[in-house]
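Number of protein chains: 2
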Amino acid sequence: MTSPASPSHTHDHDVEEGLAFAPKFDRDGLIAAIVTDAAGGGVLMFAYMNADALKATIDTGVAHFWSRSRKALWRKGETSGHEMTVEEMRVDCDQDALWLRVRVAGTGAACHTGRRSCFYRRVEPADGGASLAMVDGDRLFDPRVTYGA
Amino acid sequence: MTSPASPSHTHDHDVEEGLAFAPKFDRDGLIAAIVTDAAGGGVLMFAYMNADALKATIDTGVAHFWSRSRKALWRKGETSGHEMTVEEMRVDCDQDALWLRVRVAGTGAACHTGRRSCFYRRVEPADGGASLAMVDGDRLFDPRVTYGA
């Protein structure tokens, strides 16, 4: 979202209050996509879409993303079978972020590490910095088998 | 997250499985931050943190972001009173996204438009494209009063 409270900053009323879908892609042609579990509600993963991935998602009802590492359109679950059916997609106030509520096929795992969510570690303050604690570390599948790594 | 399934793509085992916090900032020095309601679970907003905002968030337990529009450290709620107390912060597999579960002070609104969540519109297929439907449009405060716009 954009931040308020600056005299020099103007918000676009049509973008924020209108019903025209005008997704704002960044300079790489991408828009942020937050994926949550339609049943449980927790955040499953975070990724980006380009215009093609967004169109494919809307057209098929199945989540597509842009893989920044592979530089390719990516139908989530194409290798693992963990397809994501979109129950609802929302856009934020300034239309530069999407929120998808999904049902995950197969084991229900969204993370390539085999876990249900990519967010399986908590950030905790430690010695003036921070360290991590494993909180949802159970694997629902073995990535070495699924991806043949 | 990163996408799997490419022979040329390697995952960093230490980053994914270790307990060292090693946030991966993008070329602008920012990391994505997803904010959900610790009580209700829904996504409230999406923003970015730079290293200073992340440190301030960890040190104070109150959400700070980097305002891309104002190019400034931004303590969420500094103008509106809608401070966000962080109940839990998590990081994703490749440590390039954060998930904050927060309690929002004041009216409980997270969006500068006065709404509880920035995601108050649903994206719906329409005529080969998409349009928006208002789904959580109620305002908890009047932004014209709060921000003096």
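Going down the list, the sequences are from chains X and R.
Sequential numbering of the first sequence, starting at 1, is according to UniProt numbering.
Sequential numbering of the second sequence, starting at 1, is according to UniProt numbering.
Virtual Cβ for every residue (Gly too), placed ideally from N, Cα, C.
Residue burial annotation: D138 of chain X is exposed, with fewer than 16 other C-beta atoms found within 10 angstroms of its C-beta. Ranked by how close their Cα comes to the Cα of G42 of chain R, the residues R:C93, R:V102 and R:D127 have R:V102 in first place. Of all residues in the segment 9-25 of chain R, only H9, H11, E16, E17, G18, L19, A20 and F21 place a beta-carbon less than 8 Å from a beta-carbon of chain X. In this structure, DSSP gives A51 of chain X a helical state, which the three-state scheme calls helix.
Against E88 of chain X, the close residues of chain R are R122, in the order they occur along the chain (beta-carbon pairs closer than 8 Å). Contact of W99 of chain R with chain X is assigned, a C-beta pair being separated by under 7 Å.
In the DSSP assignment, H11 of chain R falls outside any beta strand (DSSP E), carrying neither H nor E.
Around the beta carbon of T146 of chain X, 16 or more other beta carbons sit within 10 angstroms, so the residue counts as buried. Taking the beta carbon of I31 of chain R as reference, no residue of chain X falls within 9 Å; the closest one sits roughly 10 Å away. For P125 of chain R, the enclosing beta strand (DSSP E) has its first and last residue at R121 to A126. Two segments are said to touch when three or more pairs of C-beta atoms, one from each, lie closer than 8 Å; by this definition the segment 123-133 of chain X touches the segment 88-95 of chain R. For the pair A105 of chain X and F141 of chain X, the CB atoms are not nearer than the 7 Å cut-off. Listed along chain X is no residue with a C-beta nearer than 8 Å to that of D142 of chain R; the closest approach is about 13 Å. The C-beta of L132 of chain R comes closer than 7 Å to at least one C-beta of chain X.
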